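In the numbering used here, the protein residues as written are 140 to 455. Scroll down for the structure; my scribbles are underneath it.
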Amino acid sequence: MSDFNRFMKKGMRGHLIGIGGVSMSPLAEVLRDMGLHITGSDVKDNENIKHLRELNIEVSIGHKASNLPADAKFVIFTAAIHNDNPEICEAKARGLKIFGRAEAWGTIMKAYKNALCISGTHGKTTTTSMCTHIMLASDQDPTVMIGGTLPILHASHRVGKGDTIILEACEYHDSFLEFSPTIATILDIEEDHLDYFSDIEHIKASFRRFAERTPENGIVVVNCDDEASMSAIEGIDREIITFGLSDKADVYARKIKQVGMRSEFDIYYHGKKLTDVILHVPGLHNIKNALAATASCIPLGVSSNAVKYGLAGFSG
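Given below as structure tokens:
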């Protein structure tokens, strides 16, 4: 268990360096909602910081040692923050615990019944966004962290009161191995981040370890059209849900039509029609993302109508 678990207590004071980032600002909000006292700093103002200030979270612009509150017990930093950062140096001088954002998120998601983590070389942001639309159409109230702004949220995140958290899970520097998914989705695996990984086998091994981060009763959702993804999870002792364009998948598409800038198709699950879909973004890659989102949300108890109308409401 991560050391960070010891600090997730009401009244505990924490400081976030790089608090305005797309994954840090929702982290600050979630910790605040858990009853912690949060402050932070960043190099410049942005809309995320404006929102945090509206929640009475104190944010300093610029990095200096004096930003760190006297009663701070821990610090969380982003990958963009280096060891010579004055606030990191001050935290070390005081002997405070210092955590990376992925470790913090990985601990936080254990507080949720369902933790859906979307991984893959391509399509993470789109698929995470589609999952968000489906869950909202299902009248569930998820907490979400996305790597881009989603129009329905007017932000890159939302903090809900439900028992599900949905996050993008990035393989770079193995950061997703800090996560604790109950549902681990793998969209595809290609050679990428070769400044860190040695080759495709190294990447596949990392994704397998990510899938194995699920509990014994967890679920791995995987693209059966992608040879590298299927190879990575071969023989894994978890429930597997596959998605793809052919009927060998658990979740697949039929009657695909491209009509202008939209796609129309039927989604099937275990050989039976689940729903028809009108998707207002073009391309087979987006149909695959929609199938991945559907396969990821089925274990969360969503209805066929939630899939139909959730995907229909997604516009990119």
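Note that the Cβ used here is the ideal one computed from N, Cα and C, for glycine as well. Quantities reported herein were computed from a predicted structural model and do not represent experimental measurements.
Where residue i falls, given that 16 or more other Cβ within 10 Å makes a residue buried
| i | result |
| --- | --- |
| ASP389 | buried |
| HIS154 | buried |
| MET400 | exposed |
| LEU170 | buried |
| TYR391 | buried |
| LYS263 | buried |
| ILE188 | buried |
| GLU231 | Residue 231 is actually Lys in this sequence, not Glu. LYS231 comes out exposed. |
| ALA219 | exposed |
| SER337 | exposed |
| ILE200 | exposed |
| ILE395 | exposed |
| LEU423 | exposed |
| HIS341 | exposed |
| GLY160 | buried |
| GLU186 | exposed |
| ARG192 | exposed |
| LYS427 | buried |
| ASP184 | exposed |
| ARG233 | exposed |
| GLN397 | exposed |
| ARG352 | buried |
| GLU366 | exposed |
Spatial neighbours of residue i in its chain, beta-carbon cut-off 8 Å, leaving aside the 5 residues before and after
| i | result |
| --- | --- |
| GLU355 | ASP376, ARG377 |
| THR271 | PRO281, VAL283, ILE285, LEU289, ILE291, LEU292, ARG297, ILE305 |
| ASP172 | VAL298 |
| LYS454 | The sequence as given places Ser at residue 454; Lys does not occur at that position. So the list reads PRO290, HIS419, VAL420, once near-sequence residues are dropped. |
Own chain partners of residue i with C-beta closer than 6 Å, once the 5 adjacent residues on each side are dropped
| i | result |
| --- | --- |
| ASP331 | THR260 |
| ILE379 | VAL359 |
| GLY174 | LYS149 |
| SER314 | ALA241 |
| MET274 | PRO281 |
Residue i beta carbon near the ligand ZN (any heavy atom closer than 6 Å)
| i | result |
| --- | --- |
| VAL360 | This structure simply doesn't include the ligand ZN, nor any ligand for that matter. |
N- and C-terminal bounds of the beta strand (DSSP E) containing residue i
| i | result |
| --- | --- |
| SER258 | 253-258 |
| LEU418 | 411-418 |
| ASN366 | Before going on, a small fix: residue 366 reads as Glu here, not Asn. Where GLU366 is concerned, there is no enclosing beta strand (DSSP E), although the alpha helix (DSSP H) it sits in stretches over 366-371. |
| HIS272 | It is not in any beta strand (DSSP E) - HIS272 instead sits in the alpha helix (DSSP H) that spans 263-276. |
| LEU155 | 152-156 |
| ILE96 | A question about residue 96 goes unanswered here, because the residues of the chain that appear run from 140 up to 455. |
| MET471 | No answer is possible for residue 471: it lies beyond the span of the chain, which begins at 140 and ends at 455. |
| GLU403 | 401-408 |
| ILE200 | 197-200 |
| TYR391 | 390-398 |
Distance between residue j and residue i (C-alpha atoms, nearest Å)
| i | j | result |
| --- | --- | --- |
| MET147 | ALA167 | 12 Å |
| THR267 | ILE257 | 6 Å |
| LYS343 | ASP364 | 15 Å |
| ILE437 | SER205 | 48 Å |
| GLU242 | ALA294 | 23 Å |
| PHE346 | LEU450 | 27 Å |
| MET163 | HIS221 | 16 Å |
| ASN253 | ALA371 | 23 Å |
| GLU307 | SER435 | 13 Å |
| GLY440 | LYS447 | 14 Å |
| ALA250 | LYS300 | 12 Å |
| ASN425 | GLY287 | 16 Å |
| LEU255 | LEU333 | 26 Å |
| ILE215 | ILE156 | 6 Å |
| ILE227 | HIS312 | 20 Å |
| HIS190 | THR324 | 30 Å |
| ASP327 | ALA431 | 10 Å |
| LYS99 | ASP386 | An answer regarding residue 99 cannot be provided, because it is not within the stretch 140 to 455 covered by the chain. |
| ILE196 | GLY452 | 33 Å |
| LEU384 | ARG393 | 8 Å |
| LYS203 | PHE213 | 16 Å |
| LEU194 | PRO165 | 12 Å |
| MET369 | PHE318 | 21 Å |
| GLY374 | SER402 | 35 Å |
Boundaries (first-last residue) of the alpha helix (DSSP H) holding residue i
| i | result |
| --- | --- |
| PHE216 | That residue, PHE216, is in no alpha helix (DSSP H); its beta strand (DSSP E) goes 213-216. |
| ASN185 | Per DSSP, ASN185 belongs to no alpha helix (DSSP H) and is neither H nor E. |
| GLY245 | 240-247 |
| ARG233 | 225-233 |
| TYR448 | 443-451 |
| ALA171 | For the record, residue 171 in the displayed sequence is Arg; it is not Ala. Segment 163-172, the alpha helix (DSSP H) holding ARG171. |
| ASN425 | 423-436 |
Beta-carbon contacts of residue i that lie in its chain and below 7 Å, excluding the five residues immediately before and after
| i | result |
| --- | --- |
| SER443 | LEU413, THR414 |
| ARG348 | LEU316 |
| PRO208 | ARG152, HIS154, THR178 |
| ALA211 | ARG152, GLY153, HIS154, LEU235 |
| PHE143 | PHE238, GLU242, ALA243, THR246 |
| ALA429 | MET269, VAL416, LEU418, LEU450 |
| query | Touch check for the stretch 400-409 and the stretch 239-253: three-plus C-beta pairs under 8 Å? | reply | no
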